[in-house]
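Asks: Note that the protein sequences, when read in sequence, are chains S and L. Numbering-wise (my numbering), the first sequence opens with residue 1 and increments by one. Numbering-wise (my numbering), the second sequence opens with residue 1001 and increments by one.
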Amino acid sequence: MAKAKKLSEFRVERDEEKCIKCQVCVRMCANDVHTYDPETDTVRADSFKCVGCHFCEDLCPTAAITIEYNPTQTKENAHWKRESIYDIVKQARTGGILLTGMGNDQAYKNYFDHLVLNASQVTNPSIDPLREPMELRIHLGRKPDKIDCRLQMTEEGRKKYQIRTRIPPQLELEVPILFTAMSFGSISLNACKSLAKAACKFGTYWNTGEGGLHRDLYPYAHRAIVQVASGRFGVNEEYLERAAAIEIKIGQGAKPGIGGHLPGEKVSEEISHTRMIPIGTDALSPAPHHDIYSIEDLKQLIFALKEATRYTKPVGVKIAAVHNVAPIASGIVRAGADFVAIDGIRGGTGAAPTIIRNNVGIPIELAIAAVDQRLREEGIRNQVSLIAAGGFRSSADVTKGIALGADAVYIGTAALIALGCHVCQKCYTGKCNWGIATQDPYLTKRLNPEIGAEHAGNLLRAWSLEIKEMMGGMGINVIDSLRGNREQLRALGLNEVELRLLGLKHAGEAW
Amino acid sequence: MLKNSMRAKRIIIREEYCMGCRLCEVYCITQHSKSKDIMKCYRGEEPRPVSRIYFEEKGPISFALQCRHCDDAPCLYACLTGAMYKDKKTGRILHNADKCVGCWMCIMVCPYGVIRPDFEKKKIASKCDLCVEAEFPACVEHCPNEAIILVDEEGNRMKKD
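1) If you count every other CB in all the chains shown that lies within 10 Å of the CB of E210(S), and 16 or more means buried, which is it?
2) Can you tell me whether R131(S) is buried or exposed, with buried defined as 16 or more other CB within 10 angstroms of its CB?
3) For L1065(L), go through chain S and note every residue whose CB falls closer than 8 Å to its CB, in chain order.
4) Our contact map puts E135(S) next to I479(S) with C-beta atoms below 8 Å; I'd like the distance itself, whole angstroms only.
5) Would V24(S) and C1021(L) qualify as a contact pair, given that the criterion is a beta-carbon distance under 9 Å?
6) How would you call M153(S), buried or exposed, if buried means at least 16 neighbouring beta carbons within 10 angstroms?
7) By Cβ distance below 6 Å, which residues in the same chain neighbour D397(S) in space, the five residues on each side in sequence not counted?
8) Taking Cβ-Cβ distances below 8 Å as the criterion, which residues of the segment 1121 to 1146 of chain L are in contact with chain S?
9) In whole angstroms, what is the alpha-carbon distance linking A45(S) and S330(S)?
10) What does L1023(L) reach in chain S if we use C-beta pairs closer than 9 Å?
11) Closest to Y428(S) by C-alpha separation, out of K266(S), R393(S) and V371(S), would be which residue?
12) Spell out the partners DSSP gives E1057(L) in its beta bridges.
13) Let me know if I167(S) comes out buried or exposed under the rule of 16 or more other beta-carbons within 10 Å of its beta-carbon.
14) Ignore the nearest five residues each way along the sequence and tell me which others in W511(S)'s own chain have a CB closer than 7 Å to its CB.
15) Between which two residues does the beta strand (DSSP E) carrying R150(S) extend?
16) Between M1158(L) and chain S, is any beta-carbon pair separated by less than 9 Å?
17) Relative to the C-alpha of G435(S), which residue among L482(S), F339(S) and N448(S) is closest?
18) Mind checking if E450(S) is an interface residue toward chain L, Cβ cutoff 9 Å exclusive?
19) From the DSSP output, in three-state form, read off H455(S) for me.
20) In chain L, which residues lie less than 9 Å from M470(S) when you measure between Cβ atoms?
21) For a contact meaning CB atoms closer than 7 Å, what does P441(S) contact in chain L?
22) Would you tell me roughly how many angstroms separate the C-alpha atoms of L1002(L) and D1152(L), rounded to the nearest one?
23) For S272(S), name the three-state secondary structure that DSSP assigns.
24) How would you call I1038(L), buried or exposed, if buried means at least 16 neighbouring beta carbons within 10 angstroms?
25) Please compile the residues from chain S whose C-beta is within a distance smaller than 8 Å of the C-beta of C1018(L).
26) Leaving out five residues before and five after H99(S) in sequence, what residues of the same chain have Cβ atoms less than 6 Å from its Cβ?
27) So G260(S) is in the alpha helix (DSSP H); what residue range does that whole segment cover?
28) So, is the C-beta of G430(S) closer than 9 Å to a C-beta in chain L?
29) Could you name the residues of chain S that R1043(L) contacts, counting a contact when the two beta carbons are closer than 7 Å?
30) Using a threshold of 8 Å, is the CB atom of L151(S) nearer than that to any non-hydrogen atom of the ligand NAP?
31) Would you say G435(S) reaches chain L, if we count a Cβ-Cβ gap shorter than 9 Å as a contact?
32) How would you label M470(S), buried or exposed, when you count the other beta carbons within 10 angstroms and need 16 or more for buried?
33) Output the residue ranges of the beta strand (DSSP E) runs that lie fully inside the segment 375 to 455 of chain S and measure 3 residues or longer, sorted by chain position.
34) Just the C-alpha distance for D1071(L) and R1010(L), rounded to the nearest angstrom, thanks.
35) Could you give the distance in angstroms between the alpha-carbon of A1147(L) and the alpha-carbon of G379(S)?
36) Mind checking the segment 26 to 47 of chain S against chain L and listing, in chain order, the residues whose C-beta falls within less than 9 Å of any C-beta there?
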């Protein structure tokens, strides 16, 4: 049949009783779902174009619009799911690689959902975080093997300790949560501003991604981790000088082994300036760094960057969680990295081939445990800070991640949801109605960075309060005491291999 | 102490955040309707009030403009009958329809073009009154992106609490 099957994932339901024909939906939908017909004075919807972002639904003043899953039942069975059938239809029509946005949406086992936390009862006291001090502050960076501390007498005859060991540069975080790398290009400048402002206000860090540092973001650069990625976009002396830390991006959880591609249509004047490439040209990040083919090559880049910044800033490396993650992380530490960021299989993206996002990599929970264990066994865990990324949904996930062995957690999707994202996974189209994953001037202004910063800051505040509550329950008052403290975790319904890899006991087993 | 709305002085426009949804107009019309109910106002109320907001749009730039409530308002000088007057307490420029004879001189002199004529009654159809009857201007309250904000005489931002 020449005419292909029409695929409609959603159905736009308009309650005619409630619709006042104000046409707000018509004006606002970037996908042209809604149209107004003046002849019949009706507003119509073309459900086939709907991506399910719910922007119209949220703005409709009379709540006349409901977006729902199209109830039509494509015949599916346990093996041939609707998504598989639809993907084949799309590919049969286009002959191309299917793209998608955001993190892995497959129903892989979610280990966070199989972990439970401990609490103090009788034999050890729990702590009330509202009444007693609770410390979430952490320092990211290389810690010395030992500290040479000398007792000295001052002239007035008082005792004073002097630390003689040179402490490598550290990042001080008020909360063990950072905003992950999302470039100006993959998200709008207003989205970058929102996160940057929130990070500065809350005393944590944001990450430029590989999109360079726009001049409007200079006021927030002292809390920026800047990326040096395979495309080297926007990397210059000023970029490194203004930043708080530098991250060499080797891989990304959503697309391990795959490079990046910002289409030329999105490379506006501002992006061209920031990335230092001509307007309208595709920004292609190669899959590998063409100067890094070994740990020794990586060491050269790490130390080139350290030299360039006179050893004043931590230099880290970000990798995707893959099968061999623990030995790779060990190599990275030995190459001189001050922190290692590991992005799990559920890590998000602005655009990636669906088949890669859904099938490549390993879950972050297993990667954290494996890396932490390996580094401890080798006696080099203190030399590096471990930042985990990829699908952290709540303060409980963060707490469990830290208990498994991470120093801090990168959040991306959660932060974007705070800015308005409804996880429609259409970031790659550049038509984000919420003004986040787009460069269209009609759409980017929909995200007011004042509101965005407030919401992102509120999220950090809420999560930090919750983490304090959970820590208090466990009788822990410093987050450092929770890191790698796997006795505080128990597994529910995991098999022996999983327990061994995670280094956990099953629920019901005492200490 | 005057109520929030009484101290209110100016609506500030931030066109960089205006997304052009025109919800301000919807809520302006509702606020100035008889019923003040969005469904009743839009479905059956005749005549439906005219929006007091002047929505401007060109390319990606858009903004909602209302009466600026000028300190030295030209419409006051132009008004023959004293229908247009300045509220001494709040400094607002208000319009008394009973006194209006429909000469439309105010429309001629308004430097912002934010007064609309009523062709049927030969009067003034709409002019922003900063929602005298409500606690807070409806357009500011309902702007989803805070593209219009309310500031008091000292320029401090006022929020509905």
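Positions of the beta carbon are idealized from the N, C-alpha and C atoms, including for glycine.
Replies: For this structure:
1) That one is buried.
2) Around the C-beta of R131(S), fewer than 16 other C-beta atoms lie within 10 Å, and the residue is accordingly described as exposed.
3) Under a criterion of Cβ atoms nearer than 8 Å, no residue of chain S is adjacent to L1065(L); the nearest Cβ is some 17 Å distant.
4) With a Cβ gap of about 6 Å, E135(S) and I479(S) count as contacting.
5) Annotated as proximal: V24(S) and C1021(L), with beta-carbon spacing under 9 Å.
6) Per the 10 Å Cβ criterion, exposed.
7) Once the five neighbours on either side are set aside, the close Cβ partners of D397(S) are F112.
8) Shown in chain order are the members of the segment 1121 to 1146 of chain L whose Cβ falls below 8 Å from a Cβ of chain S: H1142, P1144, N1145 and E1146.
9) Cα-Cα distance, rounded: 55 Å.
10) The answer, in chain order, is C22, V24, L59 and P61.
11) Looking at the Cα atoms, K266(S) is the closest of the given residues.
12) Beta-bridge pairing links E1057(L) to S1062(L).
13) It counts as exposed.
14) For W511(S), where only same-chain residues beyond five positions count, the Cβ hits under 7 Å are E487.
15) First-last of the beta strand (DSSP E) with R150(S): C149 to M153.
16) No, no contact with chain S.
17) Of L482(S), F339(S) and N448(S), the residue nearest in Cα terms is N448(S).
18) At a cut-off of 9 Å, the C-beta of E450(S) has a neighbouring C-beta in chain L.
19) In this structure, H455(S) counts as helix in the three-state DSSP scheme.
20) In chain order: nothing, as chain L lies at least about 32 Å away.
21) Here the neighbours are P1060.
22) Because the pLDDT of L1002(L) is 46, which lies under 50, any placement of that residue in the model is unreliable, and the question is left without a value.
23) Of the three classes helix, strand and coil, the one that applies to S272(S) here is helix, per DSSP.
24) By the neighbour-count rule (16 or more Cβ atoms within 10 Å), I1038(L) is buried.
25) K445, listed in chain order.
26) Note that residue 99(S) is Leu in the sequence shown here, rather than His. Closer than 6 Å at Cβ, skipping near neighbours: A351 and Y428.
27) DSSP places G260(S) outside any alpha helix (DSSP H); the residue lies instead in the beta strand (DSSP E), whose first and last residues are G260 to L262.
28) Not closer than 9 Å to any Cβ of chain L, the Cβ of G430(S) fails to qualify, so no.
29) What R1043(L) touches in chain S: I20.
30) The ligand NAP is not among the ligands present in this structure, which contains no ligands whatsoever.
31) Cβ-Cβ to chain L under 9 Å: yes for G435(S).
32) With at least 16 other beta carbons inside 10 angstroms of its own, M470(S) counts as buried.
33) Counting whole runs of 3 or more residues, the segment 375 to 455 of chain S contains the beta strand (DSSP E) stretches 385 to 389 and 408 to 411.
34) Answer to the nearest angstrom: the Cα atoms are 11 Å apart.
35) Distance between the alpha carbons of A1147(L) and G379(S): 55 Å.
36) Cβ contacts with chain L come from R27 and M28.
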